[in-house]
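Engineer: The numbering of the sequence shown is my numbering, which starts it at 1 and goes up by one.
Cβ atoms here follow ideal geometry from the backbone N, Cα and C, with glycine treated the same way.
Just so we're clear, the structure is a prediction, and the values are computed from it rather than from any experiment.
One structure, as structure tokens, below. Some questions next.
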Amino acid sequence: MLAFDTHKFVKDLTRAGMAVEQAEVLAETYATILTKQVATKADIRALQKQITGLTSDMATLDTSLRAEIAALEESIRKDMIALEERMDLKLQAVQQRLERKIVTTQMIGVLASCTIIGFLLTILT
1 MLAFDTHKFV KDLTRAGMAV EQAEVLAETY ATILTKQVAT KADIRALQKQ
51 ITGLTSDMAT LDTSLRAEIA ALEESIRKDM IALEERMDLK LQAVQQRLER
101 KIVTTQMIGV LASCTIIGFL LTILT
């Protein structure tokens with residue numbers, strides 16, 4: 001609690017020439033302002049406790065958020081690996097189909113060439 005000697009304040013003001021009634025009103029007003037507006041040591045300690053509590057809450061929240069982010073990153077990483085594996089399988093299937101079509105096309109080309117050669121041989125002989 002802030003110490004404010006209203007009696008001494010009134011005496012100082014009246015000694016300086018202020019009317020007693022005015023000095024008393026001014027002393028009461030200052031006393032009210034000081035008791036209501038100035039933070040006491042207890043007020044400051046209470047605020048420090050609140051700040052400490054909030055700091056602790058923030059640290060807990062930070063740890064929790066970091067854990068959640070790490071879990072989400074791991075989940076996303078696993079999902080991406082699974083997606084990559086599925087895409088690899090699909091690409092392999094497409095590659096196999098293309099290879100079969102290429103082989104089929106090559107075989108058709110060989111058969112066509114053989115047919116043409118056979119036809120030409122029959123004409124020439």
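Check the C-beta distance from Ala27 over to Val10 and give it rounded, since I have them as a contact under 8 Å.
Structural biologist: About 5 Å separates the two Cβ atoms, so the contact holds.
Engineer: Put Met87 into one of helix, strand or coil per three-state DSSP.
Structural biologist: Helix.
Engineer: Under DSSP, the alpha helix (DSSP H) around Ala23 begins and ends at which residues?
Structural biologist: Residues Val20 to Gln37.
Engineer: Tell me whether Ala16 is buried or exposed, calling it buried when 16 or more other Cβ atoms sit within 10 Å of its Cβ.
Structural biologist: With fewer than 16 Cβ atoms within 10 Å of its Cβ, Ala16 is classed as exposed.
Engineer: In angstroms with no decimal places, state the Cα-to-Cα distance between Lys101 and Phe119.
Structural biologist: Looking at the two C-alpha atoms, the distance is approximately 26 Å.
Engineer: In the structure shown, what three-state DSSP assignment does Ala4 receive?
Structural biologist: The sequence as given places Phe at residue 4; Ala does not occur at that position. The answer is coil: DSSP assigns Phe4 none of H, G, I, E or B.
Engineer: Could you check if Ala19 is buried or exposed, using at least 16 other CB atoms within 10 Å of its CB as the buried criterion?
Structural biologist: With fewer than 16 Cβ atoms within 10 Å of its Cβ, Ala19 is classed as exposed.
Engineer: Just the Cα atoms here: how many angstroms apart are Ile33 and Ala42?
Structural biologist: Rounded to the nearest angstrom, the two C-alpha atoms are 17 Å apart.
Engineer: State the Cα-Cα distance for the pair Thr125 and Leu111, rounded to the nearest angstrom.
Structural biologist: Each residue's Cα considered, the two are about 21 Å apart.
Engineer: Taking only the alpha-carbon atoms, compute the straight-line gap between Gln50 and His7 and give it to the nearest angstrom.
Structural biologist: Cα-Cα distance, rounded: 37 Å.
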